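Participant: If you scroll down you'll find the structure; I have some questions about it.
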Amino acid sequence: MKKWSSLLSTVWLGISTHKLRSFLTMLGIVIGVGAVIILMSIGKGATAQILANIQSMGSDLITIRPGASFGFGGVRGAGGSTQTLTIEDAEAIAEDVPYISAVAPSYSSNLQLVVGSENTNSQVTGTTPEYMAVNNLEIASGSFFTEYDYQRGAKVAVLGSSVKETLFGDDDPIGQQMRMGTIIVRVVGVLESKEVMMGGPDDAIFIPLTAMQQTVAQPKTAQGQSVVSSVSLTVSDEKQTDNVIADITSLLRTRHRLAPSADDDFNIMSTAEIAKTISETAGTMTLLLGAIAAISLLVGGIGVMNIMLVSVLERTREIGIRKALGAREHDIWIQFLIEAAFLTLSGGIIGVIIGWLVAYFVNSMGLMTTVVTADIVILAVVVSVSIGLFFGFYPAWNASRLNPIEALRSE
Amino acid sequence: MIKLEDITKVYPMGKRELEVLKGITMTIKQGELVAIMGPSGSGKTTLLNLIGCLDKPTSGHYQLEGREVSRLSGGELAKIRGQKIGFIFQTFNLLSRLTALANVELGMTYAGGVDRKRALEALASVGLSERVKHRPVELSGGEQQRVAIARALVKNPTLFLADEPTGQLDSHSGEEIISILTSLHAEQGITVLLVTHDANIASHCQRIIHLKDGEITAGESS
Chain A
1 MKKWSSLLST VWLGISTHKL RSFLTMLGIV IGVGAVIILM SIGKGATAQI
51 LANIQSMGSD LITIRPGASF GFGGVRGAGG STQTLTIEDA EAIAEDVPYI
101 SAVAPSYSSN LQLVVGSENT NSQVTGTTPE YMAVNNLEIA SGSFFTEYDY
151 QRGAKVAVLG SSVKETLFGD DDPIGQQMRM GTIIVRVVGV LESKEVMMGG
201 PDDAIFIPLT AMQQTVAQPK TAQGQSVVSS VSLTVSDEKQ TDNVIADITS
251 LLRTRHRLAP SADDDFNIMS TAEIAKTISE TAGTMTLLLG AIAAISLLVG
301 GIGVMNIMLV SVLERTREIG IRKALGAREH DIWIQFLIEA AFLTLSGGII
351 GVIIGWLVAY FVNSMGLMTT VVTADIVILA VVVSVSIGLF FGFYPAWNAS
401 RLNPIEALRS E
Chain Z
412 MIKLEDITKV YPMGKRELEV LKGITMTIKQ GELVAIMGPS GSGKTTLLNL
462 IGCLDKPTSG HYQLEGREVS RLSGGELAKI RGQKIGFIFQ TFNLLSRLTA
512 LANVELGMTY AGGVDRKRAL EALASVGLSE RVKHRPVELS GGEQQRVAIA
562 RALVKNPTLF LADEPTGQLD SHSGEEIISI LTSLHAEQGI TVLLVTHDAN
612 IASHCQRIIH LKDGEITAGE SS
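Taken in order, these protein sequences are the chains called A and Z. Following this note's numbering, the numbering of the first sequence begins with 1 at its first residue and continues without gaps. Following this note's numbering, the numbering of the second sequence begins with 412 at its first residue and continues without gaps.
Okay, structure coming up:
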């Protein structure tokens with residue numbers, strides 16, 4: 001204990017003698033660690049936000065689109081570009097595959113919408129009433145169209161929040177009429193905003209699929225079945241997601257009469273899978289950001305080495321005196337090593353605090369979502385101490401190897 | 412106490428070699444007060460450094476308190492320096508950032524641990540009780556050298572090595588330092604070896620060893 005306290009006071013002496021120099025050395029580490037914390041927290045925050053968006057679509061959602069699956073190798077049609085998925089497929093899935101709570105086929109097309117002098121072009125999705133529950137949509141005012149609307153092909157529409165904003169402003173659109181392509185529809189509901197990225201339900205309009213078929217010429221397959229652009233469904237038991245996907249795959253392959261060697265002419269994605277892919281990608285991005293910030297930490301480490309070398313040179317005589325008084329090489333080595341580690345640890349701790357505060361304010365001012373996790377903090381502190389030990393090693397070794405006689409003679 | 416046998420020390424000087432000590436043989440007994448005199452470049456300081464275990468001889472044998480130390484490792488030599496040997500230098504070699512007290516405590520850091528009470532006692536014994544909180548720049552040369560003596564004294568060394576301890580002091584302060592050393596020798600029986608070229612200082616010693624060109628010319632035995 002006594003030994004440590006005298007060692008620490010020795011180290012403190014070395015650091016406190018040149019306060020400005022120690023501070024500047026520390027600053028390099030402060031900036032490095034701070035940058036790592038801030039960038040990593042931004043990366044983690046972005047990941048968390050994207051995942052939250054996906055979760056808002058419903059974690060049990062599975063979407064089937066026509067066309068080959070996304071991937072590399074070979075020439076493939078873009079997803080949705082082929083016309084292989086039909087309403088009958090959706091019905092067969094609902095009937096034959098277990099653990100499915102609801103199925104909603106949909107057919108989308110971009111149509112011109114006109115209300116008075118306002119007009120916009122928007123994606124119109126014809127679907128079934130189940131679509132709302134399947135896609136986790138919520139109604140802000142009015143209601144979604146009903147099974148009855150669907151059965152009779154009622155020309156009613158539910159607006160996404162952005163579309164409503166564009167066409168009606170602050171007016172209440174419920175009950176109002178609007179022109180949609182060649183037909184007139186009546187607005188029955190407005191959706192709650194999802195606040196997700198572009199292309200979400202905020203920018204869309206939903207009408208019964210039966211009404212859609214009267215508006216646009218819905219393509220048909222050679223067998224005369226109505227083509228849909230996607231089928232979304234929810235599983236009743238999330239543990240069965242993989243089984244459900246497998247069952248749907250084999251059912252659709254049979255229905256589409258695909259040879260065993262042929263690729264699927266549809267692709268199935270579950271939100272769980274998308275979330276996994278995105279969080280992997282985002283994790284890589286976060287790591288990349290961290291690595292860029294780590295470069296400044298490296299530069300800070302070189303600064304520490306620089307200063308320690310100068311410090312050893314300057315204190316040659318002190319080292320000689322200590323040696324004459326009985327200090328072993330080991331004692332001198334430890335002294336300078338601890339001094340370097342102390343500088344970087346203090347810098348690291350200050351950097352964590354500053355990085356954390358900046359991340360906190362960026363988040364609370366709503367500029368960006370940031371998440372500071374314990375592992376980033378621990379990593380930053382451990383790395384900063386390691387930098388001290390690594391870059392302090394050579395200067396400390398230099399100091400310990402000094403010949404006491406020559407050291408005493410130096411000025 | 413100290414037994415040197417045919418000690419040589421050769422320094423490489425570029426391509427040539429400089430033979431600083433050419434076969435020194437001498438004995439110093441426990442409790443002696445010995446002066447080493449000689450002109451500049453005669454090897455006085457080199458000899459003192461060897462005796463003080465700061466350096467190793469190129470050849471020859473050196474026994475300190477009956478133990479052969481000429482071939483010990485650096486770590487073991489450091490241990491001997493820490494426990495047995497008190498150095499006093501011409502230029503004092505105090506740490507300017509530390510107070511007198513902290514400088515004295517530094518003497519104990521590598522010799523078993525700091526004991527503030529002992530440090531204060533050591534400063535009192537050299538008459539500096541009033542100046543423990545002063546830094547070297549606030550002290551006169553004589554006072555600084557007394558702090559250095561306290562620093563050496565505090566770990567109870569068996570051997571005091573003083574390299575021109577009065578070289579940078581006026582004659583009055585020099586006399587003070589010598590009287591402290593002689594009284595330490597008389598009262599505590601510490602073996603004192605001092606290098607000087609001041610015959611007046613050397614006259615206080617029991618024995619004078621003369622060194623010239625790396626060889627002893629007089630006084631190798633008492």
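Ideal Cβ positions, reconstructed from N, Cα and C, are used throughout, including at glycine. For clarity, every value in this text was computed on a predicted model and none was experimentally measured.
Got a sec: does the ligand PLP put a non-hydrogen atom nearer than 7 Å to the Cβ of residue 174 of chain A?
Facilitator: What this structure holds is no ligand at all, so the ligand PLP is not there to describe.
Participant: Is residue 396 of chain A close to chain Z? Criterion is C-beta to C-beta, closer than 8 Å.
Facilitator: Not one chain Z Cβ lies under 8 Å of residue 396 of chain A.
Participant: Please name the residue, chosen from A:67, A:26, A:131, that lies closest to residue 478 of chain A on a Cα-to-Cα basis.
Facilitator: Nothing about residue 478 of chain A can be reported from this structure: the residues present for chain A run from 1 to 411 only.
Participant: Which residue from A:268, A:94, A:9, A:136 puts its Cα closest to that of residue 55 of chain A?
Facilitator: Residue A:136 is the option with its Cα nearest to residue 55 of chain A.
Participant: Which runs of the alpha helix (DSSP H) spanning at least 4 residues fall entirely within the segment 177–224 of chain A, listed in chain order?
Facilitator: 209–215, all fully within the segment 177–224 of chain A.
Participant: Can you name the residues of chain A whose CB is closer than 7 Å to the CB of residue 696 of chain Z?
Facilitator: Residue 696 of chain Z lies beyond the residue range present for chain Z, which begins at 412 and ends at 633; the question has no answer from this structure.
Participant: Where does residue 424 of chain Z land, buried or exposed, given buried means 16+ other C-beta within 10 angstroms?
Facilitator: Exposed: under 16 other Cβ atoms inside 10 Å.
Participant: Which chain A residues sit within Cβ distance under 7 Å of residue 485 of chain Z?
Facilitator: Within chain A, the residues near residue 485 of chain Z are 329.
Participant: Interface residues of chain A around residue 460 of chain Z at Cβ under 7 Å?
Facilitator: Within 7 Å Cβ-Cβ: 405.
Participant: Residue 337 of chain A touches chain Z at which residues, Cβ-Cβ below 9 Å?
Facilitator: Under the 9 Å cutoff, chain Z gives no residues; its nearest Cβ is about 17 Å from residue 337 of chain A.
Participant: Provide the residue(s) that pair with residue 267 of chain A in DSSP beta bridges, ordered along the chain.
Facilitator: According to DSSP, which records beta bridges pairwise, residue 267 of chain A is partnered with A:65.
Participant: Verify whether the separation of the beta carbon atoms of residue 248 of chain A and residue 64 of chain A is less than 8 Å.
Facilitator: Cβ atoms of residue 248 of chain A and residue 64 of chain A: closer than 8 Å.
Participant: Report the three-state DSSP secondary structure of residue 260 of chain A (helix, strand or coil).
Facilitator: Looking at residue 260 of chain A - three-state DSSP - the assignment turns out to be coil, as it is neither helix nor strand.
Participant: For a contact meaning CB atoms closer than 8 Å, what does residue 504 of chain Z contact in chain A?
Facilitator: 317, 320, 321, 324, 408, listed in chain order.
Participant: Give the range of the beta strand (DSSP E) segment to which residue 498 of chain Z is assigned.
Facilitator: Note, residue 498 of chain Z: beta strand (DSSP E), 496–499.
Participant: Can you tell me which of the three DSSP states residue 83 of chain A falls into?
Facilitator: Coil, per DSSP.
Participant: List, in order along the chain, the chain A residues whose C-beta lies closer than 7 Å to that of residue 581 of chain Z?
Facilitator: Result: empty, since nearest Cβ-Cβ is about 23 Å, beyond 7 Å.
Participant: Check the Cβ-Cβ distances between residue 571 of chain Z and every residue of chain A, and say whether any is below 8 Å.
Facilitator: It does not: the Cβ of residue 571 of chain Z has no partner Cβ on chain A nearer than 8 Å.
Participant: Compare the C-alpha of residue 241 of chain A against each of A:98, A:356, A:305, A:306 and name the closest.
Facilitator: The shortest Cα separation from residue 241 of chain A among A:98, A:356, A:305, A:306 belongs to A:98.
Participant: Between A:311, A:116, A:265, which lies nearest to residue 89 of chain A when the distance is taken from Cα to Cα?
Facilitator: Comparing Cα positions, the closest option is A:265.
Participant: Taking residue 281 of chain A as the query, report the chain Z residues whose CB atoms sit under 8 Å from its CB, ordered along the chain.
Facilitator: Under the 8 Å cutoff, chain Z gives no residues; its nearest Cβ is about 55 Å from residue 281 of chain A.
Participant: Taking the runs of the beta strand (DSSP E) that are 3 residues or longer, which of them lie wholly in the segment 105–186 of chain A?
Facilitator: Listed in chain order, the complete beta strand (DSSP E) runs (minimum 3 residues) inside the segment 105–186 of chain A are 118–127, 139–142, 156–159, 177–180.
Participant: Please check if any C-beta of chain A sits within less than 8 Å of the C-beta of residue 474 of chain Z.
Facilitator: False, the Cβ-Cβ gap to chain A never drops below 8 Å.
Participant: Under 8 Å Cβ-Cβ, which residues of chain Z neighbour residue 17 of chain A?
Facilitator: Within chain Z, the residues near residue 17 of chain A are 508.
Participant: Which stretch, first to last residue, makes up the beta strand (DSSP E) that contains residue 446 of chain Z?
Facilitator: Note, residue 446 of chain Z: beta strand (DSSP E), 444–448.
Participant: For residue 6 of chain A, would you say it is in contact with chain Z, using Cβ-to-Cβ distances shorter than 8 Å as the test?
Facilitator: Yes - at least one Cβ of chain Z is within 8 Å of the one on residue 6 of chain A.
Participant: CA-CA distance, residue 600 of chain Z and residue 21 of chain A?
Facilitator: Distance between the alpha carbons of residue 600 of chain Z and residue 21 of chain A: 47 Å.
Participant: Would you say the segment 172–189 of chain A touches the segment 94–113 of chain A, given that touching needs at least three Cβ pairs under 8 Å?
Facilitator: Yes: the two stretches touch, three or more of their Cβ pairs being nearer than 8 Å.
Participant: Is there a C-beta anywhere in chain Z that falls below 8 Å from the one on residue 13 of chain A?
Facilitator: Yes, its Cβ sits closer than 8 Å to a Cβ of chain Z.
Participant: Look at the Cβ atom of residue 47 of chain A, then the Cβ atom of residue 374 of chain A, and state whether they are nearer than 8 Å.
Facilitator: It is not a contact, given that the beta carbons lie outside the stated cut-off.
Participant: Can you name the residues that DSSP bridges to residue 474 of chain Z?
Facilitator: In the DSSP output, where bridge partners are listed per residue, residue 474 of chain Z has Z:414, Z:479.
Participant: Who does residue 492 of chain Z pair with in a DSSP beta bridge?
Facilitator: Residue 492 of chain Z pairs with nothing; no bridge assigned.
Participant: DSSP three-state call for residue 19 of chain A: helix, strand or coil?
Facilitator: Residue state, collapsed to three classes: helix.
Participant: Could you pull out every residue in the same chain whose Cβ sits closer than 6 Å to the Cβ of residue 391 of chain A, ignoring the five residues on either side in sequence?
Facilitator: Within the same chain, residue 391 of chain A has close Cβ partners 301, 304, 305.
Participant: Considering Cα atoms alone, identify which of A:42, A:268, A:401, A:405 is closest to residue 62 of chain A.
Facilitator: Comparing Cα positions, the closest option is A:268.
Participant: Please confirm whether residue 544 of chain Z has its beta-carbon closer than 8 Å to some beta-carbon of chain A.
Facilitator: No, residue 544 of chain Z lies away from the interface with chain A (no Cβ there is under 8 Å from its Cβ).
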